[in-house]
Structures are given as C-alpha cells and as structure tokens.
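Note that the protein sequences, when read in sequence, are chains W and E. Residues 1 to 273 (the working numbering) are what the first sequence spells out, left to right. Residues 274 to 546 (the working numbering) are what the second sequence spells out, left to right. Here is the structure we will look at.
There are 2 protein chains.
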Amino acid sequence: MGDLSRLCIHTITNKPWSLPEALQAYSDQGIGGVSIWQNAVEPYGAKEASRIIADFPLKVVSYVRGGFFPALDQTARRQALDQNRKLIDEAAEINAPLLVLVCGAEPNQSLLKSREQIREGIEILLDHAQAAGVNLSIEPLHPMYADTRSAINTLGQANDMAEAIGSPAVGVAVDVYHLWWDPDLEAEILRCGKNGNLDAFHICDWKSPTVDMLNDRGLMGEGCIPVKTISQWVEAAGFHGFIEVEIFSNHYWSMDQHRFLEMIIDAYKKLYH
Amino acid sequence: MGDLSRLCIHTITNKPWSLPEALQAYSDQGIGGVSIWQNAVEPYGAKEASRIIADFPLKVVSYVRGGFFPALDQTARRQALDQNRKLIDEAAEINAPLLVLVCGAEPNQSLLKSREQIREGIEILLDHAQAAGVNLSIEPLHPMYADTRSAINTLGQANDMAEAIGSPAVGVAVDVYHLWWDPDLEAEILRCGKNGNLDAFHICDWKSPTVDMLNDRGLMGEGCIPVKTISQWVEAAGFHGFIEVEIFSNHYWSMDQHRFLEMIIDAYKKLYH
Numbered sequence: 001m002g003d004l005s006r007l008c009i010h011t012i013t014n015k016p017w018s019l020p021e022a023l024q025a026y027s028d029q030g031i032g033g034v035s036i037w038q039n040a041v042e043p044y045g046a047k048e049a050s051r052i053i054a055d056f057p058l059k060v061v062s063y064v065r066g067g068f069f070p071a072l073d074q075t076a077r078r079q080a081l082d083q084n085r086k087l088i089d090e091a092a093e094i095n096a097p098l099l100v101l102v103c104g105a106e107p108n109q110s111l112l113k114s115r116e117q118i119r120e121g122i123e124i125l126l127d128h129a130q131a132a133g134v135n136l137s138i139e140p141l142h143p144m145y146a147d148t149r150s151a152i153n154t155l156g157q158a159n160d161m162a163e164a165i166g167s168p169a170v171g172v173a174v175d176v177y178h179l180w181w182d183p184d185l186e187a188e189i190l191r192c193g194k195n196g197n198l199d200a201f202h203i204c205d206w207k208s209p210t211v212d213m214l215n216d217r218g219l220m221g222e223g224c225i226p227v228k229t230i231s232q233w234v235e236a237a238g239f240h241g242f243i244e245v246e247i248f249s250n251h252y253w254s255m256d257q258h259r260f261l262e263m264i265i266d267a268y269k270k271l272y273h
Numbered sequence: 274m275g276d277l278s279r280l281c282i283h284t285i286t287n288k289p290w291s292l293p294e295a296l297q298a299y300s301d302q303g304i305g306g307v308s309i310w311q312n313a314v315e316p317y318g319a320k321e322a323s324r325i326i327a328d329f330p331l332k333v334v335s336y337v338r339g340g341f342f343p344a345l346d347q348t349a350r351r352q353a354l355d356q357n358r359k360l361i362d363e364a365a366e367i368n369a370p371l372l373v374l375v376c377g378a379e380p381n382q383s384l385l386k387s388r389e390q391i392r393e394g395i396e397i398l399l400d401h402a403q404a405a406g407v408n409l410s411i412e413p414l415h416p417m418y419a420d421t422r423s424a425i426n427t428l429g430q431a432n433d434m435a436e437a438i439g440s441p442a443v444g445v446a447v448d449v450y451h452l453w454w455d456p457d458l459e460a461e462i463l464r465c466g467k468n469g470n471l472d473a474f475h476i477c478d479w480k481s482p483t484v485d486m487l488n489d490r491g492l493m494g495e496g497c498i499p500v501k502t503i504s505q506w507v508e509a510a511g512f513h514g515f516i517e518v519e520i521f522s523n524h525y526w527s528m529d530q531h532r533f534l535e536m537i538i539d540a541y542k543k544l545y546h
C-alpha cells in the first residue's frame, strides 16, 4: 500500500474545494479513488458531474450519503425514500458502486422504532438499488449520534441488520471514528468480512481533546485510534478495497487544502509504508 | 416513588452551592439522599464534612469519584492507587457506602492495556475498600469518553469486569446518559441486578442537540433518553435503591440553583408519579 493506488479521499475532507478542484488535486497526487459527497455534485447535477469525473483517472468508490429513514409521520418517511431513490440514481450516474447510508434517528421516538423504520426503508429500496447496480452500505455511527443521526451505533447492529435483510445489495461500512472504542470490533469486522458484507473502510483519528462533536476529526496519527491495528483486522477479514480518508474538521477546512492534502498523504504513507 | 424519599442529588448537579448550602436545600425539600462529590468536601476536609453532613437528615448514597487507574508509567499508576485509598477513607469518613469509579483511559496506549490496568487497580484496592466498608462501583462511561475518561464503555464490559473480579465489594453503577443508546442495555441491567452487582442508578437526559461533550446534560424529560423505560428495567432487575440525579450543565449551573432544584423535583415527580 506504499503507493496511493488504494487511497481514496472523501470530497467532504476538502470541503472548500469544488468537485473539479478536488478531482484535479487527487489525480495530480496519484491517488487512486474518490468518494463523492452529494454537496460536491449539487452545483452541477449528476449528469454534468459524471462528465467532469470521467476526465480524471480516479475510481469512484462511493456516493455519500443516503439514509435518514426514521421520522414521526409517514409522509416524512416517504419523502426520505424518494430522496434515497434520487441518490441511488445519482450514484449510478456517477458510477459509484455504493451509496453509504447514515441511517438516521428520531429523538422523539424509541431507538427500537427508529431501527424498525431503518430496516423497512432499506428493504423498500432494495429493488431500486439492484436495478441501478448500486449497493447500500449501512454505516454504524458513534453512539454520540444516536439522538438524530443514527440508531445503528455498533458494527454488531449493522451486521445484524445486513444479515437479517439478507440481500447481496446490502452491506456495511466500517469507519474507525465511530467504532474504535468497541470491545467487539475485531470480531465484528471478521464477521462482515467472512460473509461478504464488508463494503467500505473509512479512516481518520479521534483527537484528545475533541472540541466539536461533529467537525473536529483528526488526521490519522494525531489521535488515539489504533488505525493500523484496525486496518490489519480489516485486511485479515479479506477486505482489500480502498482505504477512504473521511475527515470533517473546521480546523483543517480553514487551512490551505493543498497543504492539507499533503499532510493526509504523509499520514497515509506513515501508516501503510 | 411519588414522594422524594428515593430521590438523591449529586452535589455536582448544584455545583455553585457549597456543601452546607446543598445539604440545606435538599433537606428543606424533603429529598432523601445525597451523593457527595470530592470538590464539595475539599474545602472542609472529610472529618469536618462528616460533621456538617450529620446535621442533616440525608442519607449519603455515594462518594464521587475514584478511579482513573491507567497511566503510561508505574509511578503515575501508584499515585492513582494512593489517591483512591485516600478517597476510600474519605468515603468511609462521610458514611458513603460506595465510591463511584470513573475508571480512566490513557490515549497513548491501547484500550486493552488500559482495561488491564483498571482491573489491576481495582484488585489492589479490594482489601483496603473492604476494611473501610466501602464498595467500589464501576461506572461505564459513554464511548465518547473512551480517550481519557474510561476504557469501560458499556454495561456489558462493566459486568464482565465486576464478575471477573468476583468480590462482594465490587459492583456497577448504571447512568442513563452513558448507556441509553446500547441495544443490550436491558439485558445487561437484568444481569447485574440478578447477580447483586447493581449498586447505583443515575439519571439525567441527552439534549438534542448537545453543544458540549461534558457539560451539557439535560434535565429528565427534555431529551431523548427513555428514562422511564430504563427505570422500569432497573426496578425489574430488583434494584430499589436511590434514584440519583447527576447533571453537569453550564446552562443549569448559570441559573438560580433553588429554581433549578425545583425543576429537578418537578421532572422527578413527572417521571415517577
């Protein structure tokens, strides 16, 4: 992994850049893949974005992010499904093999209810996703996001749900930021690797202290997450896909993005030399 | 539980008050118990604090907080043990039947290593705690505190550790703020209730949004934690001890503390009418 062919960057990591700026910078550095966020596509529309992307030698790894299924009323849940169908179509348009799902949660109902609505939402989308050739990846989120962002907070829960749904179009996305603390993480990574559900692997770091619950993620190596060890578990589970850097950070977004990209590449090379 | 005989307040909840001010206000309201934080004792010393407490008709429910065992070097780990011995003695002095353990974590070593050091620390303290008649309660902390505050982040882990240590002087403390998101919570509460390890039950709420990772806890009813449901699990597990309100909140600390105490009592009565 010493070269950058397995490195993938999420466009949100370099949020100040437009889609063409990000694609140009990643290509110039010899980075292999890119995960495209919806906000980067929006100014162009998916068709035009697809043409822009085609000019660069980058593999589109995923489209981010669908989900947000739970809601108190059925109208809102139907709107969420429509939005997800649109995102699946956009993913297909930009040749993204998978749509990452931030499953959602509704603070005014129980987590159990939200989980039922998540499962129902995914099951309703299955035909549409399979017809489009886009996989749906359940990304468990850190328990600190259980109020509004996701009622799926451990890899065990994501694995349970993916297995219960039992479709080849549904898998899980492993993000070290959300899962590093979990004593069952190694076993659960092995589990989804073995059964073919391990779709994606996201890295960054947990800064100590973390000053913002959403936008203070760290660069690999500056925090307390054993990224190398977790990477080895992911490899041992049979995953040899892209290693995706996904960093939300007010700090890093405020700096020169070319300099930040160099720091990401340095951190990546240190990890996987 | 309509009356306040099972209600207990943690002194930190009314941080602006001195120990005598807090004890006076709780007594005036007919509250049954108090959990005493070290910072409330410090200005007086434990002996003098004990005399102050004896003037009020309040049951001391716990002393908060020991722990913080992990450290990179042995000297620091020994100092932590000395500090815990001092806290056990202070707990005995103020007639607190238990010392709550915030177990600690060291961001520059693995969680596994920190957990080993936690277990070792507790085992070393057992004789001292038993001689003093003070139980040690492992409080699992929310995974967002896994970097520096605790490597024990689920009730399952706390139960595992308490059972592995296997001493009548070691139990667990259940705090809804840390554990509400856990899909295994009901089963793990039942587990520690059945085996006699359920020492304490702490309540507050999770505000949505939460603006500070440490000091933005909510009053019961204003957030998304199903406090009533979790209370029923705790009752069903055979726990009939005090219901402890523990709220760290810059917001509430900035308001009139008598008014805040009334709000706590109202919220408590609404929950347990």
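Don't be surprised by glycine CBs; every beta carbon is placed ideally from N, CA and C.
Who pairs with residue i in a beta bridge, going by DSSP?
| i | result |
| --- | --- |
| isoleucine 309 (chain E) | E:Tyr336 |
| histidine 475 (chain E) | E:Asp448 and E:Glu517 |
| valine 100 (chain W) | W:Val64 and W:Ser137 |
| valine 484 (chain E) | According to DSSP, valine 484 (chain E) bridges with nothing at all. |
| glycine 45 (chain W) | Answer by DSSP bridge pairing: none, since glycine 45 (chain W) is not bridged. |
| glycine 218 (chain W) | W:Asp205 |
Exposed or buried, which one is residue i when buried takes at least 16 other CB atoms within 10 Å?
| i | result |
| --- | --- |
| serine 231 (chain W) | buried |
| leucine 487 (chain E) | exposed |
| glycine 491 (chain E) | buried |
| asparagine 14 (chain W) | buried |
| methionine 161 (chain W) | buried |
| aspartate 328 (chain E) | exposed |
| asparagine 432 (chain E) | buried |
| histidine 142 (chain W) | buried |
| glutamine 311 (chain E) | buried |
| histidine 258 (chain W) | exposed |
| glutamate 262 (chain W) | exposed |
| methionine 528 (chain E) | exposed |
| glutamine 157 (chain W) | buried |
| aspartate 301 (chain E) | exposed |
| histidine 240 (chain W) | exposed |
| proline 289 (chain E) | exposed |
| glycine 340 (chain E) | buried |
| glutamate 517 (chain E) | buried |
| arginine 78 (chain W) | exposed |
| proline 43 (chain W) | exposed |
Residue range of the alpha helix (DSSP H) that residue i falls in?
| i | result |
| --- | --- |
| leucine 463 (chain E) | 458 to 467 |
| alanine 295 (chain E) | 292 to 301 |
| histidine 258 (chain W) | 257 to 272 |
| histidine 524 (chain E) | 523 to 526 |
| leucine 155 (chain W) | 155 to 165 |
| serine 278 (chain E) | Here serine 278 (chain E) belongs to no alpha helix (DSSP H), and DSSP marks it neither H nor E. |
Counting only the same chain and skipping the five closest in sequence on each side, list residues whose C-beta sits under 6 Å from that of residue i.
| i | result |
| --- | --- |
| methionine 274 (chain E) | Note that methionine 274 (chain E) has pLDDT 46, beneath the 50 cutoff, so the model's placement of it is unreliable and the number below is only indicative. Contacts found: Tyr545. |
| valine 134 (chain W) | Ile88, Ala91, Ala92 and Leu99 |
| isoleucine 118 (chain W) | Phe69 and Cys103 |
| cysteine 224 (chain W) | Trp206 and Ser208 |
| glycine 303 (chain E) | Leu277 |
| proline 20 (chain W) | Ile52 |
Starting from the C-beta of residue i, find all residues in its chain whose C-beta is less than 8 Å away, skip the five residues before and the five after it, and write them out in chain order.
| i | result |
| --- | --- |
| asparagine 523 (chain E) | Asp485, Asn488 and Asp489 |
| asparagine 85 (chain W) | Note that residue 85 (chain W) is arginine in the sequence shown, not asparagine. Within the same chain, arginine 85 (chain W) has close Cβ partners Leu125 and His128. |
| glycine 494 (chain E) | Asp478, Val500, Ala540, Lys543 and Leu544 |
| glycine 32 (chain W) | Leu4, Ser5, Arg6, Leu7, Cys8, Leu58, Lys59 and Phe242 |
| leucine 111 (chain W) | Ala105, Ala146 and Ala151 |
| alanine 132 (chain W) | Ile88, Asp89, Ala91 and Ala92 |
For the beta strand (DSSP E) holding residue i, just list the boundary residues, first then last.
| i | result |
| --- | --- |
| leucine 360 (chain E) | Leucine 360 (chain E) -> not in any beta strand (DSSP E); alpha helix (DSSP H) instead, spanning 347 to 366. |
| asparagine 408 (chain E) | 408 to 411 |
| leucine 385 (chain E) | Per DSSP, leucine 385 (chain E) belongs to no beta strand (DSSP E); it is in the alpha helix (DSSP H), 384 to 405. |
| valine 507 (chain E) | No beta strand (DSSP E) contains valine 507 (chain E), which is instead part of the alpha helix (DSSP H) from 500 to 509. |
| isoleucine 12 (chain W) | Careful: isoleucine 12 (chain W) lies outside any beta strand (DSSP E) and carries neither H nor E. |
Please return the same chain residues whose Cβ sits closer than 7 Å to the Cβ of residue i, not counting the five positions on each side in sequence.
| i | result |
| --- | --- |
| serine 167 (chain W) | Leu126 |
| glutamate 186 (chain W) | Trp233 |
May I ask you to list, following chain order, the residues of the stretch 145 to 164 of chain W that have a beta carbon less than 7 Å from some beta carbon of chain E? Ala146, Asp147, Thr148, Asn153 and Gln157
Short-range partners of chain E found in the stretch 224 to 240 of chain W, where Cβ spacing is below 7 Å: Here the close residues are Cys224 and Pro226.
Using Cβ-Cβ distances below 9 Å, what residues of the stretch 461 to 481 of chain E are close to chain W? Residues Trp479, Lys480 and Ser481.
Which residues, taken in chain order from the stretch 209 to 221 of chain W, show a beta carbon closer than 9 Å to some beta carbon of chain E? Pro209, Thr210, Val211, Asp212 and Met213
Counting only Cβ-Cβ distances shorter than 7 Å, please list the residues of the stretch 520 to 533 of chain E near chain W, keeping chain order. Taking a C-beta cut-off of 7 Å against chain W, none of the residues of the stretch 520 to 533 of chain E qualify.
Please name the residues in the stretch 111 to 129 of chain W whose beta-carbon is closer than 9 Å to at least one beta-carbon of chain E, in chain order. Leu111, Leu112 and Arg115
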